[in-house]
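Asker:
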Amino acid sequence: MHPRPEALVAETANRIRAHVLEENGRGDIIRTGLKDGSLGDLYHHLMTMTWGAFFWASLALYLGINIGFACLYYMIPGSVSGVPHGDFLDDVFFSVQTISTVGYGTMAPVGRLTNTIVSFEVLAGMMLNALATGLVFARFSRPRARILFSHVAVVSYDDLIPTLTIRIANRRRTLILSANVEMTLTRLMPDDHGRLVRRFDRLTLIQSHVPIFRISLNATHMIDSTSPLYGLSAETLIEQNAEIIITMDGTDEISSQTLFARHAYEIGHVKHGYRFSDMIHHRPDGRVEVDFTRFHTTEHGDHEPIDPSTAHERHYRHD
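Be aware that the sequence shown starts at 1, since it is given in UniProt numbering, and climbs by one per residue.
1) Please report the residue range of the beta strand (DSSP E) in which Met248 lies.
2) Three-state secondary structure (DSSP) at Val155?
3) Report back the beta-carbon spacing between Phe94 and Met107 to the nearest angstrom; my notes put them in contact at under 8 Å.
4) Would Ile223 and Leu164 be called neighbours here (beta carbons separated by less than 8 Å)?
5) Quick one: Cα of Val122 to Cα of Phe260, how far?
6) Could you give the DSSP three-state label for Asp201: helix, strand or coil?
7) What does a CB cutoff of less than 7 Å around Asn115 pick up in its chain, not counting 5 residues either side in sequence?
8) Put Leu63 into one of helix, strand or coil per three-state DSSP.
9) Classify Gly86: buried if its beta carbon has 16 or more other beta carbons within 10 angstroms, exposed otherwise.
10) According to the neighbour-count rule (16 or more other Cβ atoms, all chains shown, within 10 Å of its Cβ), is Met127 buried or exposed?
11) Which residues mark the beginning and the end of the alpha helix (DSSP H) in which Ser178 is found?
12) Count the other C-beta atoms from every protein chain shown that fall within 10 angstroms of the C-beta of Leu89, then say buried if there are 16 or more, exposed otherwise.
13) With DSSP as the reference, label Ala70 as helix, strand or coil.
14) By DSSP's criteria, Val80 is part of a beta bridge. Which residues make up the other side?
15) Using the DSSP secondary-structure output, state which residues sit across from Ala169 in a beta bridge.
16) Quick test of your reading: Ala219 and Glu243, contact by CB under 8 Å. State the CB separation rounded to the nearest angstrom.
17) Between the beta-carbon of Val154 and the beta-carbon of Phe292, is there less than 8 Å?
18) To which residues does DSSP link Val288 through a beta bridge?
19) Span of the alpha helix (DSSP H) holding Leu270?
20) In the DSSP assignment, find the unbroken beta strand (DSSP E) run with Leu160 in it and report its ends.
21) What is the DSSP secondary structure of Tyr104, reduced to helix, strand or coil?
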């Protein structure tokens, strides 16, 4: 007897708790059966590693090259004038001066073989210097979106029809032009053959395009009869390992580069019967005050206030 699709989803979702998005570069998905493409995709690895890892990798490469050339000088007696034979540390210092094209006049190569090695080291130094300069510039110039997403999503009933809302803020003082926001529901669902696949359903927003994004906006989805969330309980979504993904892209006003930001919410991070607190106030002098300390703050809605401890029991459907 084959298990029912609902039971299959629940059983598999309990074993698979991998997030669709990897937050802070830390993934909970183990990839097997793929060859290590670190060398073939070296540029991507150097661009995506942390600054600390990039510094230590650069230092290790720099020391490795200098020590390697120093070993060649060490194996040739009298290869460097001003350096006693057998002094390996001075050979390392000579290699450092050579690769950086810095000479102080106290050490110099002797013989054709040594000069040939020096020529290759100077060439390697020029190439490494150009490569390091390009990588550092590329890492600094890479567009980074300073976009803030609320810690939780809220389902409010202020207009009697449930609405799912996520708050987004621009942390920079500059504008983001032509901002586009998209919200997606992802969950594990059985296909026609009973195999479990991850399904993505778009959640239509009331306003998905903002010409000028300056301070904050609310990405709001109405849970009506056309919504993929309609009629689904929070308990069912948890069994399906569902998550709500929100993505945003736009153009930075200063650099004209395309910015991209994303965030994911587990169903346990959706609060029912709440709405976001006001964070924008008008001062008597006509100026606008934005209080970011209230960005993540929520309060009970005007309709169907509930106890937060029972939020997981709430249903997305409405009468």
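The beta carbon of each residue, even a glycine, is placed where N, CA and C say it ideally should be.
Answerer: Let me spell this out:
1) 243-252
2) When secondary structure is reduced to three states using DSSP, Val155 falls in the strand class.
3) 5 Å
4) yes
5) 41 Å
6) strand
7) Pro109
8) helix
9) exposed
10) exposed
11) Counting along the chain, Ser178 falls outside any alpha helix (DSSP H), though it belongs to the beta strand (DSSP E) covering 176-190.
12) exposed
13) helix
14) Pro109
15) Leu148, Ser216
16) Their Cβ separation, rounded to whole angstroms, is 15 Å, which puts Ala219 and Glu243 out of contact at 8 Å.
17) no
18) His282
19) Sequence check: residue 270 is Val here, not Leu. Unbroken run through Val270 is the beta strand (DSSP E), 270-272; no alpha helix (DSSP H).
20) Looking at the DSSP string, Leu160 is not in any beta strand (DSSP E), and its letter there is neither H nor E.
21) coil
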